[in-house]
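Chains as they are written, first to last, in the working numbering: chain X, 1 to 329; chain Z, 330 to 656.
Ideal placement from N, C-alpha and C gives every residue a C-beta, glycine not left out.
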Ligand SMILES: Cc1ncc(C[n+]2csc(CCOP(=O)(O)OP(=O)(O)O)c2C)c(N)n1
Ligand SMILES: [Mg+2]
């Protein structure tokens, strides 16, 4: 990837990935300390995908994600403090504290969740794209999901609908090769996921999800194709999660060597190496970035700690549209 | 007597079934190599092989439907759907398939299928992972629905479910898996037609099932220290209901509080209240009261989640109100 990126952009990408990683590691600590509860699914190892993909999307595009979405939210511009406050169940959280780790929503940034039923986000993405098509909006809906989701009926129905109606959806499959403890090869007879999408006449491609520059370039290309009216596209990003599926997972189903093998392709280390080879990254940069990321994450924790709990009297809030805005159209 | 956890009791029940009947097999997401999302089937793939402890992809409608087909074709499948939340994807195969095949084939087919799933809230896993839809399944003729609430029942209910020629759904509340309890070693299968009296009393009937039983028993202890002698009825079977046991308890105590983690509207507690009103109204000294969950998706923060769910003090207060209101 030599010569592929300027110093400024290289540092930006590096910082974003470092921020997400540090944020996730801090979440793990805060979970062990009891401040974050429920399910917590970390993105460590997969940072290049959110970082690269979000750069290729415009603020006007829609983003839909899964329960493993802190990285997506942060890369989309949701302030880390709001993501952290959400996990603390505080009003200052991006979903007012009601959703927790798996349900980060920020409509102001067109970040539409945070869906925890596997493959549940795909039909919703199709519908958002349908609304845009009907309203002549030149907008792309980017939908993230895992390899496991590809086995669900919702994936197949969504591919077909999007292709049949020529809708502007970019399906971004984060293939980390595991659905909880089950390896892709033990769950799907056809392990070439792009091929399945292609069988629905959704043009499909693959990219190295450990290489942020490659991800960004590929997503840019796909987004352009969708924006030009070419209908849906599918991009498989091959990646790996270093940590367990969730904090409940004892992680007994894969070998240390396998994890180590992927760590050698670490997206942060890879980008650092490329920037160093181009002589545009210095040791002072790395320590400055580490310090600034640490500051930002601690700032996020502070936002969460200082946030407030919603009064119990508000329990029934937002089950239905509040009366004041009920008849607004 | 042996002491074990609810989780171990279910595992023992599986081991017994798999050892004694070659037609029995278990399938579901991560039941094999992983050992089950709640570690129920830990070690079973090693013991019985991956053919009989069969991992499935994330394809709920597919593998639950495959269970329906395999059951109707001579096997005795146990299908584990990780949680009731994901069973919604498979509901068509359960309701339109398992529940109807015998009837609409004029009795030619039967579906001796057991479906197990975790249910309930209390672990701060938010709206999409905290449902209690036992009532939805208990609404459907053709299904038998039950919920083991004790370690003993966890050990011996599966046997009864497998012996049944019709589809049976077993609900395991997520907060029960770590509970320890005693198991009578040579007991027979749980009688799925019978509710159980978990505590005898004369003053008020506290009727509940599954994950709410520990809360209700705790409330009964509080009440006892205040001089109120509560009878605790554990439904065990949610469809069909054991009306005989429910009504005879109410006829004895003349007061009833029904506790159910489902939402009030359309709840099993509503059904039980209606049955009591239909058949025992004149035996009542006070109106029936329901303690259910607040009518909202289950929120993530601890204090709001707890506020939404039935609570021990709330149950005790309801019982006191009922006892106090006979003037
Ligand atoms: C319909 C449904 N079935 C099961 C689950 C439980 N579950 C949550 S995540 C997960 C694995 C999903 O794997 P994948 O789609 O590859 O995403 P990853 O977690 O690897 O990012 C499972 C089985 C669920 N949330 N929804
Ligand atoms: Mg995966």
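Selection from the options that minimises the alpha carbon distance to residue i
i: residue 492 of chain Z; options: Z:405, Z:618, Z:557 and Z:438; result: Z:405
i: residue 616 of chain Z; options: Z:584, Z:642 and Z:477; result: Z:584
i: residue 498 of chain Z; options: Z:536, Z:459, Z:420 and Z:517; result: Z:420
i: residue 539 of chain Z; options: Z:597, Z:438 and Z:431; result: Z:597
i: residue 195 of chain X; options: X:166, X:235, X:53 and X:109; result: X:235
i: residue 620 of chain Z; options: Z:467, Z:591, Z:428 and Z:331; result: Z:591
i: residue 353 of chain Z; options: Z:605, Z:333, Z:364 and Z:383; result: Z:383
i: residue 87 of chain X; options: X:208, X:121, X:77 and X:70; result: X:70
i: residue 368 of chain Z; options: Z:400, Z:507 and Z:436; result: Z:507
i: residue 22 of chain X; options: X:37, X:210 and X:295; result: X:295
i: residue 437 of chain Z; options: Z:402, Z:609, Z:416 and Z:408; result: Z:402
i: residue 608 of chain Z; options: Z:593, Z:586, Z:573 and Z:642; result: Z:573
i: residue 567 of chain Z; options: Z:531, Z:351 and Z:522; result: Z:522
i: residue 545 of chain Z; options: Z:356, Z:376 and Z:589; result: Z:589
i: residue 176 of chain X; options: X:35, X:8, X:237 and X:103; result: X:237
i: residue 319 of chain X; options: Z:624, Z:398 and Z:487; result: Z:624
i: residue 227 of chain X; options: X:18, X:142, X:43 and X:315; result: X:142
i: residue 448 of chain Z; options: Z:347, Z:435, Z:400 and Z:417; result: Z:417
Buried/exposed call for residue i, threshold 16 Cβ in 10 Å
i: residue 266 of chain X; result: buried
i: residue 257 of chain X; result: exposed
i: residue 655 of chain Z; result: Caution applies to residue 655 of chain Z, whose pLDDT of 45 falls short of 50 and renders its modelled position unreliable; the model cannot decide the point.
i: residue 262 of chain X; result: buried
i: residue 84 of chain X; result: buried
i: residue 335 of chain Z; result: buried
i: residue 386 of chain Z; result: buried
i: residue 478 of chain Z; result: buried
i: residue 312 of chain X; result: exposed
i: residue 252 of chain X; result: exposed
i: residue 360 of chain Z; result: buried
i: residue 82 of chain X; result: buried
i: residue 327 of chain X; result: exposed
i: residue 611 of chain Z; result: exposed
i: residue 241 of chain X; result: buried
i: residue 16 of chain X; result: buried
i: residue 325 of chain X; result: exposed
i: residue 159 of chain X; result: buried
i: residue 131 of chain X; result: exposed
i: residue 316 of chain X; result: exposed
Proximal residues of chain Z, C-beta to C-beta of residue i below 7 angstroms
i: residue 102 of chain X; result: 455
i: residue 37 of chain X; result: 453 and 631
i: residue 253 of chain X; result: 362 and 363
i: residue 98 of chain X; result: 628 and 629
i: residue 121 of chain X; result: Within 7 angstroms Cβ-Cβ: nothing; residue 121 of chain X doesn't reach chain Z, min ~11 angstroms.
Residues of its chain near residue i, where Cβ-Cβ distance is below 6 angstroms and the 5 sequence neighbours each way are ignored
i: residue 247 of chain X; result: 31 and 40
i: residue 411 of chain Z; result: 358 and 366
i: residue 275 of chain X; result: 10 and 281
i: residue 370 of chain X; result: Chain X is shown only over 1 to 329; residue 370 of chain X falls outside these bounds and no answer can be derived.
i: residue 439 of chain Z; result: 431 and 494
Contacting residues, own chain, Cβ-Cβ under 7 angstroms from residue i (five flanking each side not counted)
i: residue 338 of chain Z; result: 480, 483, 484 and 512
i: residue 415 of chain Z; result: 389
i: residue 467 of chain Z; result: 474, 567, 568 and 597
Closer than 9 angstroms at the beta carbon, the chain Z residues around residue i
i: residue 310 of chain X; result: 628, 630, 632 and 633
i: residue 149 of chain X; result: 387
Interface partners of residue i on chain X, CB under 9 angstroms
i: residue 384 of chain Z; result: 181, 182, 186 and 187
i: residue 359 of chain Z; result: 179, 180, 181, 182 and 253
Beta-carbon neighbours of residue i, restricted to chain X and to distances below 8 angstroms
i: residue 414 of chain Z; result: 117
i: residue 624 of chain Z; result: 316 and 319
i: residue 427 of chain Z; result: The premise fails here: residue 427 of chain Z is roughly 18 angstroms from chain X at the closest Cβ pair, so nothing lies under 8 angstroms.
i: residue 502 of chain Z; result: By Cβ distance, chain X contributes nothing, its closest Cβ being about 17 angstroms from residue 502 of chain Z, past 8 angstroms.
Cβ neighbours of residue i in the same chain (closer than 8 angstroms, five flanking residues each side left out)
i: residue 333 of chain Z; result: 341, 480, 484, 509, 510 and 512
i: residue 330 of chain X; result: Residue 330 of chain X lies beyond the range of chain X shown here (1 to 329); nothing can be said about it.
Chain-ordered chain X contacts of residue i [CB-CB under 7 angstroms]
i: residue 390 of chain Z; result: 153
i: residue 637 of chain Z; result: 315
Amino acids of chain Z, ordered along the chain, whose beta-carbon sits closer than 8 angstroms to that of residue i
i: residue 209 of chain X; result: Chain Z residues near residue 209 of chain X: none, gap ~20 angstroms exceeds 8 angstroms.
| said: Would you call the segment 618-631 of chain Z in contact with the segment 81-100 of chain X, where contact means no fewer than 3 C-beta pairs closer than 8 angstroms? | reply: Flag = yes, the segment 618-631 of chain Z and the segment 81-100 of chain X touch.
| Touching by the beta-carbon criterion (3+ pairs, under 8 angstroms), the segment 491-510 of chain Z and the segment 633-640 of chain Z | By the Cβ test, the segment 491-510 of chain Z is not in contact with the segment 633-640 of chain Z, since fewer than three Cβ pairs between them sit closer than 8 angstroms.
| said: Check whether the segment 128-148 of chain X and the segment 168-182 of chain X touch, using three or more Cβ-Cβ pairs below 8 angstroms as the test. | reply: As far as the Cβ criterion goes, the segment 128-148 of chain X touches the segment 168-182 of chain X, which means the pair count is three or higher.
| Given 8 angstroms as the limit, is there contact between the segment 59-70 of chain X and the segment 425-437 of chain Z, that is, 3 or more CB pairs closer than that? | Not touching, per the Cβ criterion.
| query | Given 8 angstroms as the limit, is there contact between the segment 521-535 of chain Z and the segment 553-562 of chain Z, that is, 3 or more CB pairs closer than that? | reply | Verdict: yes, contact present.
| request: May I ask you to verify whether the segment 643-654 of chain Z touches the segment 115-124 of chain X, counting CB pairs closer than 8 angstroms and requiring at least 3? | output: No, the segment 643-654 of chain Z does not touch the segment 115-124 of chain X.
| said: So, does the segment 99-106 of chain X touch the segment 449-464 of chain Z, judging by three or more C-beta pairs under 8 angstroms? | reply: As far as the Cβ criterion goes, the segment 99-106 of chain X touches the segment 449-464 of chain Z, which means the pair count is three or higher.
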